[in-house]
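Count along the sequence shown from 1, then add 4; that gives the number in this note's numbering. Reviewing the structure listed below.
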Amino acid sequence: MTTTTALTPPQLRLCCDPACLGFSSTDELADLPGGLGQARAEAALQFGLSMPHQGYHVFVLGEPGTGRHATVFRLLQEQAARAPTPPDLCYIHNFEDPRTPRLLRLPAGRGIKLRNALQQFVRELTPAIDAALDADTHVDRVQALQDGQKKREEEAIAALGQACAADGLCLLTTPEGFVFAPTQDDKPMTPEAFEALSEAEHQAIERRVESWSLKLADLLADFPGWRQELQKSIERAERQALTPVLAHLTRGLRRHHADLPEVLAFIDAISADVITCVARGSVPGEDEENPDSELEQGKFSFHRYQVNLLVDHSQTRGAPVIREDNPGFGNLIGSIEHLPMPGGHATHFNLIRAGALHRASGGYLVVDAGRLLTQPYAWDGLKRALRSSRIAIEPPAEAQGWSSQATLNPEPAPCQVKVVLVGERELFYLLTENDPDFVELFKVAADFDDELLRTQENENHYARLLATLARRGGLLPFSAEAVALLIEAAARHAEHALRLSLHTRHLSDLMREADYHARAENGDASRVEAQAISAALAARARRADRYPRHVLESTLEGCTLISTDGERAGQANALVVVELAGERYGHPVRVTATARVGDGDVVDIERETELGGAIHSKGVLILTAFLAARFARHQPLSLAASLVFEQSYGQVEGDSASLAELCALLSALAQAPIRQSLALTGSVNQFGEVQVIGGVNEKIEGFYDLCKARGLTGTQGVLIPAASVAHLMLRPDVVEAAERGQFHVWPVATVDEAMELLTGLPAGTPDSRGHLPRGSLNERVARALAEMTAALHPAHPEERPVWRKPVRHNRFSAS
């Protein structure tokens with residue numbers, strides 16, 4: 005008979021002694037300077053951030069709520085404070101090829117000064133040009149040049165007229181142009197006089213007119229060249245008038261940026277362009293309300309004399325640390341905006357927008373991996389930038405060759421950034437397995453732990469962590485008793501009495517709710533007491549108890565059949581866990597088994613109806629193998645059995661009920677009734693050993709709640725795997741019931757121990773000759789299987805069940 009005893013209250017919940025914490029309130033504790041329990045991950049982070057070679061970007065993996073982001077930003081801020089501030093990034097107009105704007109890299113803080121200076125230059129440019137061109141000296145000079153040109157043309161015409169007079173002709177000006185006419189007595193000949201001339205005289209005059217007309221044409225052909233010379237002279241005059249003006253306007257610019265040759269070259273290009281445009285007759289004008297209006301109309305505009313300050317580091321100290329919460333392609337790589345115009349769109353360098361890579365260049369960029377991978381083209385764009393160390397701004401459609409829309413091709417910016425991706429472990433493993441580029445670019449994995457070993461030293465450190473969270477959240481100080489309950493809650497969240505959860509998000513939420521209850525109870529409260537923690541836990545349970553309350557009510561009403569008293573063969577109370585919206589609930593479910601003569605098949609009804617998952621089916625196959633290995637080593641397993649979760653209408657997954665299923669089947673074979681006041685959970689292996697399962701606390705509490713609602717009798721309890729004892733952090737009310745002897749929790753290591761508790765029968769151990777004790781549970785099972793074999797194979801003689809070959813303890817066979 006088993007000697008298994010029920011667990012004592014200290015084994016059901018490992019309490020934290022407030023006196024061992026060494027303080028009365030968290031306001032006595034200093035902040036925790038770094039993270040807690042993440043030394044390995046922090047070392048990996050520091051290595052990746054400090055590694056100067058390409059490809060050593062970092063992937064931070066772990067569960068959400070473990071403080072990954074807080075630790076990453078703390079380390080990044082420390083690293084960034086020691087790094088130099090990167091240069092400002094600007095785009096400027098390329099006067100040689102406007103479609104390829106040039107990149108200008110300036111010392112930090114110089115970009116905004118240059119932009120402001122050029123804006124001031126643009127504001128002063130129009131009045132200065134107008135003043136220079138309207139100056140009396142310039143106007144008089146231009147007028148003199150124009151008058152000289154006019155006089156030259158008139159004198160040339162006059163000279164031609166005088167020359168033709170000697171040939172009997174005169175040059176007349178008419179609305180249709182210049183004409184030659186014959187003269188008589190130094191006056192133009194009248195029509196009557198011309199008609200009176202002979203035919204020979206007419207022909208002679210026509211020949212002279214034709215000759216002089218050719219000379220006139222040659223003279224008039226020289227006039228455009230003379231006027232071009234005039235225009236060049238006027239342009240020289242304008243250049244001479246504008247040069248000192250532009251020199252004056254740019255003197256301050258040149259002085260303040262004398263150490264930047266690229267800026268000086270840009271200023272020279274602006275001056276040359278202003279003179280060229282004015283010489284062409286494009287007198288500049290500025291629309292203050294809409295600086296792009298002139299661009300839309302195709303006119304000369306001042307926008308190209310300005311600077312597009314892409315990244316401004318005037319307020320940055322050290323290297324930038326950028327977090328991109330919406331890592332779309334444009335938000336990462338940058339974008340080029342377009343202005344609508346009749347018949348299409350237009351753009352220019354001032355419409356180039358920076359991406360997160362530009363802002364983080366020279367520093368660090370933090371991106372959520374899950375969000376990144378859901379954005380079209382974003383992951384490919386990031387990899388392309390990291391591989392080439394260049395940030396090329398191009399639309400994703402154009403990058404794929406799909407778009408023919410005319411756009412800019414800006415000079416790429418250098419990509420000198422350390423990228424930190426934050427994601428879950430599954431995502432890291434998927435990328436590692438399926439994307440070769442990921443392995444080449446993200447060589448460092450910083451894996452954050454979910455739990456911390458629970459020692460007295462770590463409990464003290466954990467108290468400092470809670471004190472830090474309270475101060476950062478603006479919460480009241482917490483008493484030592486309250487901190488002790490929080491530590492116990494952390495152990496329960498870790499599902500291990502000897503470990504503490506590092507999911508600080510969960511603890512922070514609980515602390516805020518406790519602070520709320522403390523203030524609601526007493527508006528003048530100076531700290532949060534243990535009662536507020538209990539109230540917060542109770543309120544959280546009440547808010548989420550719709551499903552467990554519905555299940556409990558259904559059972560109490562008799563709609564769901566679960567027995568908590570009496571005995572019945574082939575029927576056991578298994579325990580399951582349901583997880584909804586982050587909350588987990590346990591409740592019992594009836595497992596039944598039937599056995600009859602057959603061909604050795606154990607039918608899993610859940611699997612047959614496609615309601616059983618793969619792991620559950622695996623558990624049933626394992627218990628079938630155990631049954632065959634123990635009781636049918638030297639005879640056929642002439643058994644047909646059926647297993648089912650009664651009143652289960654949804655998917656069943658997991659193997660934590662395989663112990664209950666095996667016990668129900670053994671009970672059905674031996675016709676040994678199982679005590680219905682007991683429930684059990686655990687999985688079994690092929691040797692009948694009970695293995696650890698998850699959700700043990702919720703499962704025990706679910707059965708306890710049902711027993712309490714029906715009335716605790718002192719005979720009720722739960723069987724759990726012995727390996728799960730270390731995971732127990734039961735609710736205080738369950739522990740109190742166990743202390744009063746009203747409820748029990750038994751650890752079992754084998755199916756034999758479980759069956760002895762469930763049936764009250766000895767399991768039966770073979771003697772030296774391999775014989776099982778008559779009347780023992782295993783003997784009854786072996787005899788039932790032997791009878792089935794005899795019924796199926798009548799020639800097979802019946803014998804007393806014998807342990808034929810003791811290969812391993814608890815392996816049985818019957819002949």
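Don't be surprised by glycine CBs; every beta carbon is placed ideally from N, CA and C. It should be emphasised that the depicted structure is a prediction, and the values quoted were computed from it without experimental measurement.
Residue i (DSSP reduced to helix, strand or coil)
i, result
"Ser-28", "coil"
"Tyr-653", "coil"
"Asp-226", "helix"
"Asp-454", "coil"
"Tyr-381", "coil"
"Lys-191", "strand"
"Leu-765", "coil"
"Gln-695", "strand"
"Glu-587", "strand"
"Ile-96", "strand"
"Val-448", "strand"
"Ile-326", "strand"
"Thr-822", "This structure does not reach residue 822, given that the chain is present from 5 up to 819, and the question cannot be answered."
"Gly-256", "helix"
"Ser-275", "helix"
"Leu-234", "helix"
"Val-311", "coil"
"Asn-577", "strand"
"Glu-614", "coil"
First through last residue of the alpha helix (DSSP H) which encompasses residue i
i, result
"Thr-628", "618-635"
"Met-792", "781-796"
"Val-606", "Premise fails: Val-606 lies in the beta strand (DSSP E), 605-608, not in any alpha helix (DSSP H)."
"Val-370", "No alpha helix (DSSP H) holds Val-370; the beta strand (DSSP E) holding it covers 368-372."
Chain C within 9 angstroms of residue i, Cβ atoms only
i, result
"Ile-697", "Judged by its chain identifiers, the structure shown contains no chain C, having just a single protein chain."
Cβ shell of residue i (< 6 angstroms), same chain only, five flanking positions each side left out
i, result
"Leu-201", "none"
"Thr-254", "Ile-271"
"Ala-185", "Cys-174, Leu-176 and Pro-192"
"Pro-552", "Tyr-589"
"Tyr-381", "Phe-333 and Pro-400"
Range of the contiguous beta strand (DSSP E) that encloses residue i
i, result
"Lys-422", "422-427"
"Glu-415", "No beta strand (DSSP E) contains Glu-415, which DSSP labels as neither H nor E."
"Pro-399", "Premise fails: Pro-399 is in no beta strand (DSSP E) and is neither H nor E."
"Gly-348", "348-350"
"Met-515", "No beta strand (DSSP E) holds Met-515; the alpha helix (DSSP H) holding it covers 508-525."
"Leu-682", "682-684"
"Val-487", "No beta strand (DSSP E) contains Val-487, which is instead part of the alpha helix (DSSP H) from 484-497."
"Ala-505", "The identity of residue 505 in the sequence shown is Ser, whereas the question assumes Ala. Where Ser-505 is concerned, the enclosing beta strand (DSSP E) stretches over 503-505."
8 angstroms Cβ shell around residue i - same chain, five flanking residues per side excluded
i, result
"Ser-558", "Thr-564"
"Arg-523", "Leu-480 and Ala-529"
"Gly-617", "Gln-655, Val-656, Glu-657 and Gly-658"
"Thr-187", "Ala-169, Gly-172, Leu-173, Cys-174 and Met-193"
Beta-carbon proximity list for residue i, same chain, < 7 angstroms, skipping 5 on both sides
i, result
"Gln-301", "Low confidence applies to Gln-301: its pLDDT is 40, below 50, so where it sits in the model is not reliable, and the reading given next is rough at best. Contacts found: none."
"Ala-449", "Ala-48, Phe-63, Leu-65 and Phe-432"
"Leu-584", "Tyr-551"
"Gly-574", "Thr-596, Ala-597, Thr-598, Ala-668, Ser-671 and Ala-672"
"Trp-383", "Leu-376 and Leu-377"
"Thr-793", "Gln-639, Pro-640, Ser-642 and His-800"
Legend entry - Uninterrupted beta strand (DSSP E) stretches inside the region 130-177 (no shorter than 3 residues): none
Inset, instruction - Kindly confirm or deny that the region 598-618 and the region 681-699 touch, where touching means at least three C-beta pairs closer than 8 angstroms. - result: no
Inset, instruction - Check whether the region 410-420 touches the region 66-84, counting contact only when three or more Cβ pairs, one atom from each stretch, lie closer than 8 angstroms. - result: no
Legend entry - beta strand (DSSP E) segments (min. 3 residues) lying fully within the region 62-89: 62-65
Legend entry - Contact the region 706-721 vs the region 736-756: 3+ CB pairs below 8 angstroms: yes
Inset, instruction - Assess, as a yes-or-no matter, whether the region 102-115 is touched by the region 207-216 under the definition of 3 or more beta carbon pairs within less than 8 angstroms. - result: no
Inset, instruction - Pair every Cβ in the region 134-152 with every Cβ in the region 326-340, then say whether three or more of these pairs are closer than 8 angstroms. - result: no
Inset, instruction - Report yes or no: do the region 425-443 and the region 358-374 share at least 3 C-beta pairs separated by less than 8 angstroms? - result: yes
Legend entry - Those runs of the alpha helix (DSSP H) which lie wholly inside the region 707-775 and span at least 4 residues: 736-743 and 755-763
Inset, instruction - Please confirm if the region 456-471 is in contact with the region 503-523, defined as three or more CB-CB distances below 8 angstroms between the two stretches. - result: yes
Inset, instruction - Determine contact between the region 63-80 and the region 488-498, defined as no fewer than three beta-carbon pairs at a distance below 8 angstroms. - result: no
Inset, instruction - Determine, using beta-carbon pairs with one atom in the region 775-783 and one in the region 44-51, whether at least three such pairs fall under 8 angstroms. - result: no
Inset, instruction - Would you check if there are 3 or more beta carbon pairs closer than 8 angstroms linking the region 628-645 to the region 704-714? - result: no
Inset, instruction - Please confirm if the region 753-769 is in contact with the region 15-34, defined as three or more CB-CB distances below 8 angstroms between the two stretches. - result: no
Inset, instruction - Evaluate the contact criterion for the region 151-161 versus the region 340-348: three or more CB pairs, one atom per stretch, below 8 angstroms. - result: no
Inset, instruction - State whether the region 313-325 contacts the region 113-126, with contact taken as three or more CB pairs (one from each stretch) at a distance under 8 angstroms. - result: yes
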